[in-house]
Structures are given as structure tokens and as C-alpha cells.
Amino acid sequence: MAVSVLPDVADATEFPLPWNGKDRSRYVRLDLSEALVTPPDNVVEALSSLAASTGFTSYPNETAFYSSLSQYTAVPERNLLLTNGSDHAIQIVMRAFVGSGDSVLTSAPTFPMYAHIATTLGAEAKEVPLTTDMEFDVDAYLENVSDRVRLLVIVNPNNPTGTRVQLDDIEKILQAHPNRPVLVDEAYFEYSGETASGLLPDYANLIILRSFSKAFGLAGLRLGYVISHSDIVSELKKLRQPFDVNSFALVAAAEHLKNPAHMHHYVEEVMERSKPLVESSLRAKGICVFPSSGNFLLARMKHRDRIVKGLREQGVLVAPQRHPMIADSMRIGIGPIKIMTDFMAMLDRMIGDECNPPRAT
């Protein structure tokens with residue numbers, strides 16, 4: 013082309029859309045761990061009212077929402093920063109701390125956005141494999157911290173495995189490297205119920221990311237946030253634009269926080285009814301299912317591609333995995349009990365009592 017982009021951008025690849033042009037509204041969407049629930053009436057009514065007034069024509073004002081978020085998180089406003097989804101939070105944190113020639117330390121397999129953004133910055137994603145049981149090995153992780161590592165990333169619970177990282181292990185990492193930022197991705201916090209935010213007063217290098225896309229069901233509106241030391245938040249603000257977060261996302265999230273029972277009831281149904289049903293049913297058929305603290309399960313099975321294709325043909329999307337450690341696995345999002353009961357009945361017709369043993373790494 014006539015103009016040239018920066019070499020690091022030219023060397024990167026486009027982050028692939030998982031649906032490849034499909035109209036996902038036609039499917040039961042178990043592929044992206046979305047909340048399969050209708051928003052509460054107060055959210056719908058508030059959005060309708062906003063649309064009928066100044067929602068489309070006025071620039072957003074996020075000031076008031078910080079108070080609501082502070083109450084929800086039990087974190088002072090000075091330690092919070094809103095972002096246009098948690099992917100945006102990942103981007104600004106990495107821009108703040110990572111440059112060309114640096115390394116970002118992650119687990120493997122994990123959320124691929126970290127490696128993707130690292131590449132665009134001319135950095136390397138240094139991956140530390142999980143164990144064969146998909147557990148986090150804190151000692152192996154710490155052994156891989158080199159001079160080039162500028163950011164340490166822990167996704168908790170991990171995506172796509174659901175692996176839970178112990179808070180003691182997170183604190184061990186924070187203690188070992190007090191002068192390096194440690195990012196803890198808590199996109200699935202509402203499902204896991206465990207957070208590192210209690211460590212914030214003692215560790216100025218802790219950065220927590222969260223999202224309204226998962227348990228709150230606002231994936232289409234794009235709202236995430238950072239929890240960190242006020243000094244880090246001040247630096248990250250320099251990389252944010254004043255109107256990154258739209259008015260509809262702010263209003264929807266504020267209404268959700270006024271009525272958190274709706275979210276809590278959905279999480280309870282998913283984690284205490286639907287997920288145990290799917291997990292026990294798969295295990296009873298000899299399917300390898302890894303322990304998960306999120307609203308999804310990673311299942312390893314023979315004939316994975318045939319099953320994924322068969323489910324898609326019957327109107328259900330799941331997420332086949334490509335990482336070499338789990339290339340014979342699929343991630344199954346967990347939704348309401350009725351949807352998951354129907355899903356298991358469909359899956360029963362497709363699978364036999366067989367399972368691939370875990371691969372050695």
C-alpha cells in the first residue's frame with residue numbers, strides 16, 4: 013500500500029472474530045460465556061427513557077457512576093477507572109507498561125488477547141504452561157520472570173480452562189516482584205466469588221480488571237473497569253479518552269447495581285444448578301471435564317470437531333479450542349437450567365462413553 017504502518021503493527025495479525033460472519037442471534041450461544049438472560053425491567057426502562065431523551069445526542073458523563081461502582085466494589089473511587097470493556101482495559105494497561113522488546117508473562121493456555129496486544133506493541137507473550145490437570149503452578153510461573161518481563165498477568169479464573177488461582181499464590185507473586193505490575197484479570201469474578209481486591213492496600217503493584225459483560229449481561233454495551241493503586245489509575249487516565257464509555261452502558265450498569273439481586277439469582281442458577289448438571293452428566297459419560305470456577309466448562313473428548321459441527325447444525329454454538337495443550341477440547345458456556353438440560357439431551361445423542369486422556373506437556 014502507499015503508506016506504511018509501524019513494523020510491529022505490520023507484523024501482527026488481526027484478532028479473529030470467533031463467529032466468522034455467522035448471525036449468532038439464530039443460535040443458542042454457549043461459545044463466548046455470555047449471560048443468557050433477559051435484563052431486568054428497570055434496566056430496559058432506563059435505557060428506553062435515555063434513548064427517548066438525550067442518550068444519542070449528549071456526550072456521556074461517567075462521574076456519578078463512580079459512586080455506585082465504589083459501593084459495589086468496596087473500593088474508593090480514586091482506585092477505579094472505567095473502560096470500554098475489559099479488552100480496552102487490557103490495552104491501556106499494556107500500553108502503559110509494555111514496549112518493544114519487552115515480555116508479558118502469562119499462563120498457557122489463557123485468554124489470547126494478551127498475546128495479541130503484546131505483538132502489536134512489539135513485545136513477546138512469554139507463556140508458562142499450566143499443569144496437565146490445567147492447574148496453575150506458581151513456582152514455575154515465578155521461575156520464568158526474567159529481566160525483560162515488564163508485566164505479569166494472571167487470569168483468575170483462567171479462560172478457557174476455568175482454573176482457580178489461589179489468593180496465596182497471587183500474593184506470593186506480588187511479594188516476589190514489588191516493582192513490577194501484576195495484572196489479575198477477574199472478568200468472571202461474579203461467578204467465582206473470589207477477588208484479590210483485599211490485597212490492594214498492601215500492594216501498590218496490583219492491577220485488577222473486571223467486566224460487566226459476563227454476569228451482568230452487558231457484553232453488547234462494552235463496560236469494564238480497573239481497580240488499582242491511585243497512582244497507577246492516574247497514569248492510566250492519560251491513555252484513556254474522555255468519552256470512551258457510552259451513556260447507555262453507564263445507565264444500564266447503574267440500574268443493575270441498584271438491583272443486584274437479578275444478577276445474583278442468575279449466577280446462583282448457573283453455578284448451583286446448571287453447571288453441576290452438565291459437569292456430572294459429562295463425567296458420567298467418561299468425558300474429561302476440568303474443574304472450573306467460571307460459568308463455563310472445558311471438556312476434552314474424541315471426535316471434538318464432529319460434535320462441534322453437529323451442535324452447530326442443531327443451532328448450538330460452543331467454542332472449540334486451538335491451543336496445542338487443549339486442541340481436542342471445547343469450552344461450553346453455562347446458561348439457565350432449561351437451556352442446559354436441552355443441551356445435554358442433544359449432546360447425549362452425539363457422544364459415546366469415550367474420552368481422550370490428558371496429554372503430557
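End of the sequence shown = 373 in my numbering, gap-free, step of one.
Don't be surprised by glycine CBs; every beta carbon is placed ideally from N, CA and C.
In this text the structure is predicted, and so the values were computed from the model without any measurement.
How big is the Cα-Cα spacing for Asp20 and Gln103? 15 Å
By the 10 Å Cβ neighbour count, where 16 or more other Cβ atoms means buried, how is Ala357 classified, buried or exposed? exposed
To which residues does DSSP link Ala120 through a beta bridge? Pro141
Does the beta-carbon of Thr122 have 16 or more other beta-carbons within 10 angstroms, so that it is buried, or is it exposed? buried
Arg343 beta carbon less than 8 Å from that of Val328: no
Taking the alpha-carbon positions, what's the His100 to Met106 distance? 10 Å
Cross-strand partners of Pro51 (DSSP beta bridge): Answer by DSSP bridge pairing: none, since Pro51 is not bridged.
Taking just the CA atoms, how far does Arg312 sit from Lys350? 24 Å
Does the Cβ-Cβ distance between Ala188 and Val196 come in under 8 Å? no
Mind checking Asn333: buried by the 16 CB within 10 Å criterion, or exposed? Sequence check: residue 333 is Gln here, not Asn. Flag for Gln333 reads buried.
Secondary structure, alpha helix (DSSP H): runs of 4+ residues fully inside the region 242-318: 242-249, 259-270, 272-281, 287-296
If you run the structure through DSSP and keep just helix, strand and coil, what is Ile363? coil
Quick one: give me the first and last residue of the alpha helix (DSSP H) that Ser16 is part of. Per DSSP, Ser16 belongs to no alpha helix (DSSP H) and is neither H nor E.
For Ala130, is the classification buried or exposed, using 16 other Cβ atoms within 10 angstroms of its Cβ as the cut-off for buried? buried
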